[in-house]
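There are 2 protein chains.
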Amino acid sequence: MADILIKGGHLITMDPQRRISERGSVAIEGNKITAVGKEVKEKADVVIDARGKAVLPGLINSHTHLPMTLLRGIADDMPLKLWLENEIWPTEAHLTPKHVHVGALLGCLEMIKSGTTCFADQYFFMEEVAKAVKESGLRAALSYGIIEKDDPKLRKSEIKKGTELIKNYHGSAGGRIITMYGPHAPYTCSKECLIEIKELAKKHKVGVHIHLSETVRGDVEVVEKKYGKRPFVYLDEIGFLGPEILAAHCVHLTDEEIDLARKNDVKIAHNPVSNMKLASGIAPVTTYLKNGIVVAIGTDGCASNNNLDMFEEMKVCSLVHKVRELDPTVVSANEVLTMATMGGAKALRWDKEIGSIEVGKKADLIIVDLKKPHLTPAHSVISNLVYSANGGDVDTVLVNGKILMQGRKVLTLDEEEILRRAQETAEDLVCKRRASK
Amino acid sequence: MADILIKGGHLITMDPQRRISERGSVAIEGNKITAVGKEVKEKADVVIDARGKAVLPGLINSHTHLPMTLLRGIADDMPLKLWLENEIWPTEAHLTPKHVHVGALLGCLEMIKSGTTCFADQYFFMEEVAKAVKESGLRAALSYGIIEKDDPKLRKSEIKKGTELIKNYHGSAGGRIITMYGPHAPYTCSKECLIEIKELAKKHKVGVHIHLSETVRGDVEVVEKKYGKRPFVYLDEIGFLGPEILAAHCVHLTDEEIDLARKNDVKIAHNPVSNMKLASGIAPVTTYLKNGIVVAIGTDGCASNNNLDMFEEMKVCSLVHKVRELDPTVVSANEVLTMATMGGAKALRWDKEIGSIEVGKKADLIIVDLKKPHLTPAHSVISNLVYSANGGDVDTVLVNGKILMQGRKVLTLDEEEILRRAQETAEDLVCKRRASK
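Protein chains in written order, with our numbering: chain A, 525 to 961; chain B, 525 to 961.
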């Protein structure tokens, strides 16, 4: 007898055969999927009626800075340099562990309510983010953001913080948390720093989450000036690139660099909304896909998005590449849903356990209510999910075999209390910043 | 004593001074707003508590083809020509008045649930759309889509249908319906047809809703080949342009054409999502705004969007222009909210009655629930509305002083019944098309 049986839903498995059943069921025992398909007739302790609903793998947000939910809407429509230097960084300077914890809880709540079951995060006070992940029931790949700016002393202490997170949290929360190294970027971390991290990641068997080639001016040109080479050429030469690298953004790559990404099996976390909002550019994603590079989707932090809704991110992803290529056939609904599920799982090298609904995989899945005006009629459920749904249509969320939300009620977190604390904490942060001016 | 008092909300008026009150009230008598602001102390028959919510003018969808809700997701990710010729047109050929009525009801329901209070429509069997508008309580500017393809006989019958709609429905539904002429486009309507319509519009004192310069190949180039001129140059020369022209799309205009649009006070209905999804291009909206041209926002039909969510449309509008210009300061949250409210009202020449919350204007307004994870914290309510909200956050909708939705329950339409009928009708349509193959 199964623990949970999800019964009679429009089942979108995202398995290697991309199987879909109009009426399918999923049986769950412990944290695993034990049966999938039309013929599942098991009994279970808990039966979830999914008729009139879509059942699909939980969405994976492959790049964010979760506690930045507290900075949502604090500054918009500004030039990137001013936005960072006059608004974001001076505010972040006042963040305490308490702020970070509340911001992370708010982010976890928002993700559950919009159908994201796993995310890759890079920030600081990451033990607070880990705490929020543990409480919320979500799955995450956490990394401490290392910024050392050619300072050997800072390098040592920053790398130490990164290693401590890995030692203390890798495999924690019943295996729901994995960790990565998080060197911020090649323009904020020296060659020595990146080489040391590469070796440590190998030693600890973890991945590396880094920002690469997000903007031309503050990023690619800085690396070119310092090293006389394009970022990927420089990183390849120092032996940094590899299959464990999760490269966020990759907006500005030359053909030579794309080839290096492909050869080294670098994974790309694509953030279309943030790249558009900050006017960073449009990543050549169709070329990445043609080259067989793994592309996942991320929302980036809330200050540059301004939400964590992966449904919105999927739609914008498809739209922006169609108009970039002036070709409506590229980045189809199917492709973008793949990026947001199996793409994310592969990017985090977690694809043996998550990313699709298959027997033996962890039970991370979401149920979307299709009985909505904007999801009617149901000519194509995948089209409706990608081009018409939003996070608010998610009805039920399971992670690791546990129900985190049902009928839009979050079971692991106190929604009202978190909203209250988040508002209070954000106001406190703004006051502290004002007082310091 | 007022009929309705909306009390204590975060009031975004969109009035000429762009007044905002953190705690403001709106009093309504009959179909009109009678008091606005902090100090409103009136009593009323119905009091709506708007604390923790935003109160703003209803959004105006300036270009759609409402019954195409039935074609949502029927064909995506296809080249435009094949999409139209192999999927959309052959399916539309089987549409009956009954189909159109159900599709229009579904569209009205979706609009109410996502905060749109007024829309400009162009389709056929428009009396069925008018019926749906009447039943739903929405406001609309309706036009019959005239396609005559140089056939004088067809021209006569098509223009007759357009005129009949105007005669029968202009000012109907208690003034909630106005009508326009709807010549489809300069590549589907002859010079004679456009000139005749221009004169008739003057005679009947109505506007003209037309598709202009949406794509290069099937549109601008066809006009250039036929008349040896760019579309706006040709239309200016035949005296067609003027302040009553609502020009949908305007993706491909030269500087000379932009100048003609400005001089003639042509109104532009910008459809960013549809233009991206069909890979038509990105309209030079920042140039239109710099030239003082009125720009409104539309979703276009559901087959190329695939929803009617004006919140999503606002966000994508801002994003796509920021990345097009590589400038994060353009098309700010404030500007895009203006386009979706006063811009729409001006585009329909209805701005004396709708588009803002001001004493004497019609009571068309929406209340958005801000107590949501993705709308917390409230550093900037306008930023949260444009960059983080979606249609599902709308709690209450009023049109012409009547409550159409409260607490997300639609009061004028039977939601469940419409969803059932829409699914059935869409299936019937697909069957009819299959049978004819």
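Built from N, CA and C at the ideal position, the CB exists for glycine as well.
Close to A:Met800, with beta-carbon spacing below 8 angstroms, are these residues of chain B in chain order: Leu843, Val844, Lys846, Val847.
For A:Lys895, the chain B residues whose Cβ falls inside 7 angstroms of its Cβ are Leu943, in order along the chain.
Between the alpha carbons of B:Tyr812 and B:Leu770 lies a distance of about 14 angstroms. Among the bridge pairs identified by DSSP, B:Val797 is matched with none.
In the structure shown, A:Val854 falls within a coil segment according to DSSP collapsed to helix, strand and coil. At a cut-off of 8 angstroms between C-beta atoms, B:Val657 does not count as an interface residue with respect to chain A. DSSP, reduced to helix, strand and coil, places B:Glu859 within a helical segment of the structure shown. For the C-beta of A:Gln947, the chain B residues within less than 7 angstroms are, from N- to C-terminus, Thr900, Pro901, Ala902. DSSP, read as helix, strand or coil, puts A:Glu553 in strand. Looking at the backbone, the Cα of B:Leu861 and that of B:Tyr758 are separated by about 33 angstroms. Closest in C-alpha terms to A:Val747, from the list A:Asp674, A:Ile544, A:Tyr711, A:Val918, comes A:Tyr711. Nearest to B:His845 by C-alpha distance, out of B:Asp573, B:Leu953, B:Val855, B:Met866, is B:Val855. For B:Ser696, no chain A residue has a C-beta closer than 8 angstroms to its own C-beta; the minimum C-beta separation is roughly 24 angstroms. For B:Thr865, no beta strand (DSSP E) encloses it, and the DSSP letter there is neither H nor E.
It is roughly 41 angstroms from the alpha-carbon of B:Arg958 to the alpha-carbon of B:Gly698. At least 8 angstroms separates the CB of B:Ile817 from every CB of chain A.
Close to B:Met602, with beta-carbon spacing below 9 angstroms, are these residues of chain A in chain order: Pro852, Thr853.
When B:Glu723, B:Asn555, B:Asp833 are compared, the shortest CA-CA separation from A:Ala913 is found for B:Asp833.
If only complete runs of 3 or more residues are kept, the segment 625 to 667 of chain B shows the beta strand (DSSP E) at 640 to 647, in order along the chain. With a contact defined as Cβ atoms closer than 8 angstroms, B:Ile942 and B:Leu633 qualify at about 5 angstroms. Neighbours of B:Leu594 across chain A, judged by C-beta separation under 7 angstroms: Pro901.
For the 8 angstroms CB-CB criterion, A:Pro767 and A:Ile734 do not form a contact.
For B:Gly805, the residues of chain A that pass the 8 angstroms Cβ criterion are Val847, Leu850, in the order they occur in the chain. Around the C-beta of B:Ala725, 16 or more other C-beta atoms lie within 10 Å, and the residue is accordingly described as buried. The beta-carbon of A:Ile878 is placed no less than 8 angstroms from the nearest beta-carbon of chain B. Taking 8 angstroms as the CB threshold, A:Ala950 lines the interface with chain B. Inside the segment 703 to 776 of chain A, DSSP marks whole alpha helix (DSSP H) runs of 4 or more residues at positions 715 to 728, 745 to 751, 755 to 761, from first to last along the chain. Shortest Cα-Cα distance from A:Phe643 to any of A:Ala864, A:Lys895, A:Gly884 involves A:Ala864.
Burial check for B:Leu595: the Cβ neighbour count within 10 Å reaches 16 or more, so the residue is buried. Excluding sequence positions up to five before and after A:Ile598, its CB lies within less than 7 angstroms of the CB of Glu611, Thr615, Ala827, all in the same chain and listed in chain order.
Under the Cβ criterion of 8 angstroms, B:Ser660 is not counted among the residues facing chain A.
Inclusion of B:Ala772 and B:Asn799 in the CB contact set at 8 angstroms is not warranted, their separation being larger than that value. C-alpha of B:Thr823 to C-alpha of B:Thr687: approximately 26 angstroms in a straight line. Look at the segment 769 to 797 of chain B: the residues with a C-beta under 9 angstroms from a C-beta of chain A are Pro796, Val797. Across the set B:Asp674, B:Met525, B:Asn815, the C-alpha of B:Met525 shows the shortest separation from the C-alpha of B:Ala568. For A:Tyr911, the chain B residues whose Cβ falls inside 8 angstroms of its Cβ are Gly597, Asp600, Lys801, Asn829, Asn830, Asn831, in order along the chain.
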